[in-house]
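Enquirer: Protein chains in written order, with the working numbering: chain A, 10 to 160; chain B, 82 to 514; chain C, 1287 to 1550. Backbone N, C-alpha and C define an ideal beta-carbon position, used for all residues, glycine too. Given the structure is predicted, the values throughout are model-derived calculations rather than measurements.
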Amino acid sequence: MHEVAKTARGEGVLSCIQCGRCAGSCPVGRLTLKYNPRRLIEMVNLGFKWEALFELSWLCLSCFTCIDRCPQGADVGEVVFALRAIAARDGNVPKGALAMAKSLVETGHIVSPTASVSKQRAALGLPPCEPVPEVAKIAGKTGLNKILGPK
Amino acid sequence: MMVEKSALVIGGGIAGIQASLDLANRGLKTYLVEKSPSIGGRMAQLDKTFPTMDCSICILAPKMIECFRHPKIELLTYSEVKEVHGSAGDFAVKVVKKPRYVQADKCVGCGTCADHCPVELPNEFDSGMGVRKAIYIPFPQAVPRVYTVDKDHCLDCGLCKSVCNAKAVDLEQEPVELELHVGGIVVATGFDTYEPFRITSYGYGKYKNVVTAMQLERLLSASGPTGGRIMRPSDGRIPRTIAFLQCVGSRDQRFGYSYCSSICCKYAVKDAVLIKEHRPDSEVYIFYIDLRVFGKGFQEFANRAKKEFGVKFIRSSPGEIREDLETRDLTLWYEDTLTRTVKSLKVDLVVLSTALMPRSDSGELAKILGIDTDKFGFLVPSDSIGQPVDTQVPGIVGCGYCLGPRTGDIPDSVMQAGAAAARLTEILTAGGA
Amino acid sequence: MPALGVELVDMDGTSCCGPFAIQSLDYEGWLALAARNLCIAEKMGLDIMALCNDCYESLMMVNQTLKKDEETRDKVNKILSVANKKFKGTVNVKHTMDVLCEDVGFDKIRSKVTKPLNGLRVATQVGCHLVRPKLLHAGVGRGFEVLDDLVEALGAEPVEYDDKEICCGGPLRDIDDHLSRSLSSRKLAALKRANVDCVVTACPFCYIQFDLGQLEIKSLLKEEYDIPVLHFVELLSFAMGFKPEASQLREHRVSIDGIVRKLT
């Protein structure tokens, strides 16, 4: 719990009074029993292991509805970013997110344009998508370097 | 130095009334200044008090009359304090008596004027749930029973004047300035209730059947706009399912006040029981985060509410309220944190237990008096442990909710009023501070 | 846009700042990549207009954070020095909607409407990141109703539907596709119940989620909704008299022929 509180955007975890307003607002929580933002904070505070938490933290949509309503500023929607970052440092990142991040560093974009999209760009007179080498340079100077592995 | 053996009490609620009686009974001439047309304050707006379920006005009205009749108390209603100079033992206070446009010594309180007045307005006393006329008394037991003209909304048609048998209406009346010399001042300005428009997920102000607890009190009250029948605003139907939401605007760092208002859990339990008494087949829910029913008899009262009256307590602060556009029924989305399930619940009426906050003009009054207030507007005692009713200015004391949410209930305010009166008496008879 | 008196200048060399992926992996990495884009705009001396809600909010959050917090700004500038860039905090980030509301103004838009959309029943999907968190957007003078207001200004009828404020489910694509689809399916069902002619989004991501999403839902969940999806700029262009053919009609996986017919 305190590790999360010391991580960027995780400070709110200590303010939670477990009122459940976030859980009553969360769209994901209404669709699946798996994900419950209040329960996520509870598990962090109870000291559950990362393996249990990191998968759940990636189910948050970042729709920020919980943040708009949390009376104490615990802001689960912010805390999940801290949880994901801590898990990423240990090498736990979902495949889809990892692919997007790698693509970003290599090409400057999280997805590469498909063949049909490239054709349309040409038809509209738009230049083709260029890679952006500066991105890799900058990423290399941050924690992303360790997470994504050197190029 | 000559010490004025007299006192000024600002605010005519239960705290101010009690302080005035205590001071006057000790032989001190007391001026009781009240901004609105009648004394009584919040207690007059309540139906029953907790946990004894006594009729609120039945306890209050005798005290109001006692104030009115006491030879040592001068009631200055519809008046405001404008300037204060001097120090303990000798304060010079400028009070302005706002014009009622009705002569108090002639008016007999018959109400014929109001019957004929063509203007209808939402009644502040009923928290907007009822109406009054432009010439009015705020509630039936008003003291003094003198009608007042709300000049801002008056059409100047003169009908009231023409029907008044006592010839009491005087539409040319001017404000009167008084200069009072008093030895000490008691601040007893009380609270306002928070109007939760900013908490948009609850739809207050948009959804007709979402009301505040104060509005519910007026619906429950026999002197209220529905004569004590709980008729819901959209269609007048008596609601069968009712949900109370606690901590609306209290314990809220974002859209309200960060403190706990300290009486909402208590009044919600009381109101829930009242509703069950009005309609035993109703389903009443209290959505709470923590049930703060501390003190003598309250936990027991809450237990009775659950076991004897069947009030359902759900540990949850609902995420949002939605309205059915046709029926105006409401759906709550919430997580029951004890069973850990996300659910929705359809109800006929939602009552928001809103925060109690200092009055909007408390800052202005504090400046006039030269006393400190905290970031919310509550009075700051000069020594919160040693002298909890004293302000920074010797000779000025405070009591009641304007000091902040302590236990906040009526006995608490009455006790503080006693303490304030005792402190002032001490200062004035010992010869100034 | 030029028709409304707004000149748009392309930014060269920008990249994605990874609002979902990068922001979740490394806080400073995200700040740095977003700040890089902001620096490009600062060099050009122009405010940024973001087309996508995610880009908009990501850039706006970073812009505000770095403007306010000196310590973080210094840290980020140190990282950016490797690319010879320095964040100064001289520009603002706006969404296309902001440009329409503030810089152009609804009055001007109304005056440019030559083909009012005559009672077209339009549901709006504002998109989470245009309006939440509320406190972040408090300085911008528009709220959740802004897209409804625009629809009305164009002569169409905004229609209420269940779950209107809820997220489209887009961010869960490639993370949990099933949940992502379930969310948009829930919204599409609500739209169907409300009997709308089309849904208009402010966010291109919501657009994809509803448009391409309907094809995916049709084949994987066997549910068919047939609700045309438009981006609000398209709706605006129709009302301003631009020919529907001029917009990329091929891009609409759910056919908008019905709408085009109603409008011509």
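Taking 8 Å as the threshold, find out whether the region 30 to 48 of chain A comes into contact with the region 300 to 310 of chain B through three or more Cβ pairs.
Expert: no
Enquirer: Helix or strand or just coil, what does DSSP make of PHE375 of chain B?
Expert: coil
Enquirer: Is the beta carbon of GLN99 of chain B closer than 8 Å to that of GLY499 of chain B?
Expert: Going by C-beta atoms, GLY499 of chain B is nearer than 8 Å to GLN99 of chain B.
Enquirer: Pull up the CB-CB distance for CYS241 of chain B and VAL250 of chain B, whole angstroms please, since I reckon it's below 8 Å.
Expert: 5 Å
Enquirer: Report yes if the C-beta distance between VAL114 of chain A and LEU157 of chain A is below 8 Å; otherwise report no.
Expert: yes
Enquirer: Name the residue from A:LYS58, A:LEU107, A:PRO122 whose alpha carbon lies nearest to the alpha carbon of LEU153 of chain A.
Expert: A:LEU107
Enquirer: Count the other CB atoms, across all protein chains shown, that sit within 10 Å of the CB of ILE570 of chain B; report buried if there are 16 or more and exposed otherwise.
Expert: This structure cannot speak to residue 570 of chain B, because chain B is shown only from 82 to 514.
Enquirer: In chain B, which residues lie with their C-beta within 8 Å of the C-beta of CYS28 of chain A?
Expert: CYS328, ILE370, SER397, SER398, THR418
Enquirer: Select from B:HIS166, B:LEU326, B:LEU157, B:CYS188 the residue whose C-alpha is nearest the C-alpha of LYS178 of chain B.
Expert: B:LEU157
Enquirer: Could you give the DSSP three-state label for VAL85 of chain A: helix, strand or coil?
Expert: Reduced to three states, the DSSP call for VAL85 of chain A is helix.
Enquirer: Find the residues of chain A that neighbour ASP333 of chain B, judging by a C-beta separation of less than 7 Å, and give them in chain order.
Expert: Against ASP333 of chain B, the close residues of chain A are PRO80, in the order they occur along the chain (beta-carbon pairs closer than 7 Å).
Enquirer: Starting from SER168 of chain B, follow the beta strand (DSSP E) in both directions and report where the run begins and ends.
Expert: 160 to 168
Enquirer: Can you tell me whether ARG1574 of chain C is buried or exposed? The criterion is at least 16 other CB atoms within 10 Å of its CB, across all chains shown.
Expert: Past the boundaries of the shown model lies residue 1574 of chain C; chain C is included only from 1287 to 1550, so the question cannot be answered.
Enquirer: Since CYS1387 of chain C meets chain A, which of its residues come closer than 8 Å, beta carbon to beta carbon?
Expert: By Cβ distance, chain A contributes nothing, its closest Cβ being about 21 Å from CYS1387 of chain C, past 8 Å.
Enquirer: So, do the region 271 to 289 of chain B and the region 475 to 491 of chain B have three or more beta carbon pairs nearer to each other than 8 Å?
Expert: yes
Enquirer: Looking at the C-beta of ILE1301 of chain C, does it have a partner C-beta in chain A at a distance below 8 Å?
Expert: A quick correction: the sequence has Ser, not Ile, at residue 1301 of chain C. Chain A, which has a Cβ nearer than 8 Å to the Cβ of SER1301 of chain C, makes this yes.
Enquirer: With the cut-off set at 8 Å, would you say ILE452 of chain B and GLN473 of chain B are in Cβ contact?
Expert: yes
Enquirer: Find the residues of chain C that neighbour ASP77 of chain A, judging by a C-beta separation of less than 7 Å, and give them in chain order.
Expert: Residues of chain C whose Cβ lies closer than 7 Å to the Cβ of ASP77 of chain A are, in chain order, ARG1418, PRO1419, LYS1420.
Enquirer: Quick one: which chain C residues come within Cβ less than 8 Å of VAL144 of chain A?
Expert: SER1301, LEU1319, ARG1322
Enquirer: Applying a beta-carbon distance threshold of less than 8 Å, which residues of chain A neighbour SER282 of chain B?
Expert: SER34, ASP77, ARG78
Enquirer: Taking only beta-carbon atoms, is TYR338 of chain B less than 8 Å away from chain A?
Expert: no
Enquirer: Whole-angstrom Cβ separation of TYR182 of chain B and GLY29 of chain A, contact assumed at under 8 Å?
Expert: About 53 Å; that fails the 8 Å criterion.
Enquirer: Which residue or residues does DSSP assign as beta-bridge partners of CYS1484 of chain C?
Expert: In the DSSP assignment, the residues bridged to CYS1484 of chain C are C:VAL1408.
Enquirer: Could you check where the beta strand (DSSP E) with MET438 of chain B kicks off and where it finishes?
Expert: That run of the beta strand (DSSP E) goes 437 to 439.
Enquirer: Given a cut-off of 8 Å on the beta-carbon distance, is the pair THR151 of chain A and ALA91 of chain A in contact?
Expert: no
Enquirer: Locate the beta strand (DSSP E) running through MET1335 of chain C, then write down its first and last residues.
Expert: 1334 to 1336
Enquirer: Let me know the secondary structure DSSP gives GLY265 of chain B once reduced to three states.
Expert: In the three-state DSSP reduction, GLY265 of chain B falls in the strand class (E or B).
Enquirer: How many Å lie between GLY264 of chain B and LEU446 of chain B at the Cα?
Expert: 18 Å
Enquirer: Decide yes or no for the touch test of the region 1483 to 1494 of chain C against the region 67 to 76 of chain A: beta carbon pairs closer than 8 Å, at least 3 of them.
Expert: Not touching, per the Cβ criterion.
Enquirer: Cβ of GLU401 of chain B less than 8 Å from any chain A Cβ?
Expert: yes
Enquirer: Which residues in chain A have a C-beta closer than 7 Å to the C-beta of GLY1315 of chain C? List them in chain order.
Expert: Chain A residues near GLY1315 of chain C: ALA148, THR151, GLY152, LEU153.
Enquirer: Is it true that the CB of VAL224 of chain B sits closer than 8 Å to the CB of ILE120 of chain B?
Expert: yes
Enquirer: For ALA61 of chain A, does the count of other Cβ atoms within 10 angstroms reach 16, so buried, or fall short, so exposed?
Expert: Classification for ALA61 of chain A: exposed.
Enquirer: State the DSSP-derived secondary structure class of CYS480 of chain B, mapped to helix, strand or coil.
Expert: In the three-state reduction of the DSSP assignment, CYS480 of chain B falls in the coil class.
Enquirer: If you run the structure through DSSP and keep just helix, strand and coil, what is THR422 of chain B?
Expert: strand
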